[in-house]
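One rule links them: number in the numbering used here = place in the sequence shown (from 1) + 21.
Positions of the beta carbon are idealized from the N, C-alpha and C atoms, including for glycine.
Since the structure is predicted, the reported quantities are computational estimates derived from the model, not experimental observations.
Notes follow once the structure below has been shown.
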Amino acid sequence: DANRLGFYTPTGYSVSTFDPGGAWTIGVDANSLNDGFGNTGPSIATSIRVDIVTSPLGYLPFVIGGVVALLGGIVVLKRYDTSLAGFEHLEQMIGGPIPRGSSLLLLGDPGSGKTVLSYELLHDELEAGRPCALLSYDAFPEDVQARMGEFGWDIISHLRKGRLKIIDCYSGLAGQGEGALRDPSDLTELNIQVTSFITKAKNVPVTLILDSLTPIFNGVDGKQAINFLQTVGAKVKKTGGLFILTASRGAVPEDSIAKIESIVDGVIELTLVRSGRKGVRYLSVLKMERRRIASERVRFEIERGRGLVFRVSRFGILRRKIVELKIRAPILSTKKEAPSVAAPPRAEVKRADERSKDGKNAESSPKPAGTKQH
């Protein structure tokens with residue numbers, strides 16, 4: 022029957038499109054049927070079995086509508102699921118602020134944003150009132166000022182107050198000979214510069230940033246370079262400060278990278294993935310001592326006036342909060358149960374102390390009159 026929207030009924034009975042297919046039993050009352058010629062029937066009430074065969078084409082409009090709605094929901098979810106988060110999101114990935122008295126390696130591809138991240142960390146340390154020094158191997162001091170100024174990070178005032186010192190290691194590499202170090206590969210002289218900076222800071226927590234390791238490993242033996250990093254890192258960490266260094270994959274030998282990763286307290290990896298003419302940047306925290314880190318890899322962008330901006334999933338944030346609540350719940354229940362468990366031993370100790378005191382009093386009390394010792 023073409024009017025049944027894909028349903029076929031051999032007997033001609035009307036079946037709704039929402040009725041399920043299969044075997045139906047139709048009850049027929051006595052004399053309820055009339056063929057139009059005066060003939061009625063049946064003589065007694067009876068029932069008729071009718072097999073309903075459904076065509077899958079009847080569900081086609083509903084299937085198409087469901088697929089369209091599903092695809093539309095996925096597109097909307099991808100478009101509105103992500104939100105932009107500021108630099109504070111990095112602390113959430115680390116599990117808190119960078120631990121004081123630690124060393125941090127910013128490792129990544131060329132152009133992935135390592136220098137910008139080191140500059141942003143430098144700006145935060147300066148704003149916190151901590152004395153900082155930058156060992157600049159990749160830019161002139163004036164270029165550092167200009168680059169940080171693009172993001173709204175003014176360092177001129179900090180330079181004038183003596184809170185920031187830029188040790189120019191780039192001019193010597195460029196052959197100008199006007200920098201603080203004529204030979205940037207002279208690690209002994211560089212060590213003296215760092216020691217002088219720490220001494221002038223009067224042993225308060227300092228922050229030392231080395232950008233980058235490539236010229237050092239190009240100029241000296243790898244073992245000598247790593248020994249230098251360990252020595253300088255120990256001096257900075259002793260003050261309770263931070264030692265931050267940047268390294269590019271492919272520019273420093275892989276075996277040296279592995280050794281550096283083993284001696285530092287934290288490693289943040291930045292990657293740059295090429296997609297056509299565009300590049301997509303990702304950040305992940307591989308290691309951080311004394312912190313519970315997030316294992317996720319987060320996409321980020323570099324914006325003028327802001328620095329690093331992270332693209333964070335709203336549903337990911339909700340999932341993290343639920344996990345945090347699950348982690349905190351057992352801790353709270355343990356704290357509540359702890360006093361009741363620990364109470365009985367304290368009472369026993371107290372009673373034991375009282376018994377010992379009573380014993381001492383008994384020994385020290387005078388003996389009754391009239392007693393004699395034999």
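Taking the straight line between their C-alpha atoms, what separation do you get for residue i and residue j?
i    : j    : result
S277 : L125 : 15 Å
I119 : I265 : 11 Å
A149 : L92  : 48 Å
I188 : L180 : 12 Å
D242 : K308 : 26 Å
K244 : S334 : 43 Å
P162 : I115 : 30 Å
S217 : E210 : 11 Å
P301 : G107 : Reading off the sequence shown, one finds Val at residue 301, where the question assumed Pro. Those two C-alpha atoms are separated by around 17 Å.
I213 : A315 : 38 Å
G48  : P63  : 11 Å
R311 : S123 : 10 Å
K223 : K259 : 12 Å
A167 : Q251 : 31 Å
F321 : F331 : 4 Å
G117 : P236 : 32 Å
A66  : N55  : 14 Å
Y303 : H144 : 22 Å
I85  : W45  : 29 Å
D164 : R318 : 31 Å
R203 : M169 : 25 Å
L208 : G193 : 13 Å
G132 : D286 : 24 Å
G196 : P152 : 29 Å
F83  : S53  : 37 Å
S157 : Y140 : 11 Å
Just to check my reading of the structure: residue i and residue j have Cβ atoms closer than 8 Å, yes? What is that Cβ distance to the nearest angstrom?
i    : j    : result
L329 : L138 : 6 Å
I219 : K256 : 6 Å
I176 : L147 : 7 Å
S269 : D130 : 7 Å
F238 : P274 : 7 Å
A154 : K182 : About 14 Å separates the two Cβ atoms, so there is no contact after all.
G297 : R121 : Incorrect: roughly 43 Å between the Cβ atoms, too far for contact.
State buried or exposed for residue i, treating a residue as buried only when at least 16 other CB atoms are found within 10 Å of its CB.
i    : result
E109 : exposed
K388 : In this prediction, K388 scores a pLDDT of 45, lower than 50, which makes its location untrustworthy; the coordinate-derived value is nonetheless stated afterwards. By the 10 Å Cβ count, K388 comes out exposed.
T228 : buried
K135 : buried
L291 : buried
I247 : buried
D50  : exposed
A201 : buried
I284 : exposed
L81  : exposed
What are the start and end residues of the alpha helix (DSSP H) that includes residue i?
i    : result
L229 : Run containing L229: none in the alpha helix (DSSP H); it sits in the beta strand (DSSP E), T228 to D232.
F238 : T235 to G240
T216 : L208 to K221
E148 : K135 to E148
T252 : G243 to K259
V165 : P162 to E171
R313 : That residue, R313, is in no alpha helix (DSSP H); it is neither H nor E in DSSP.
L180 : I177 to R181
Along the chain, where does the beta strand (DSSP E) containing residue i start, and where does it finish?
i    : result
R332 : G328 to S334
F20  : The first residue shown for the chain is 22 and the last is 395, placing residue 20 beyond what the model contains.
K186 : L185 to D189
L400 : The structure shown does not extend to residue 400, since the chain is modelled only from 22 through 395, so no value can be given for it.
D291 : According to the sequence provided, residue 291 is Leu. The question's Asp does not apply to it. Element bounds for L291: G287 to S296.
L156 : C153 to S157
Going by DSSP, name the residue or residues bridged to residue i.
i    : result
F321 : R302 and F331
A106 : F331
M309 : G287
R70  : T46
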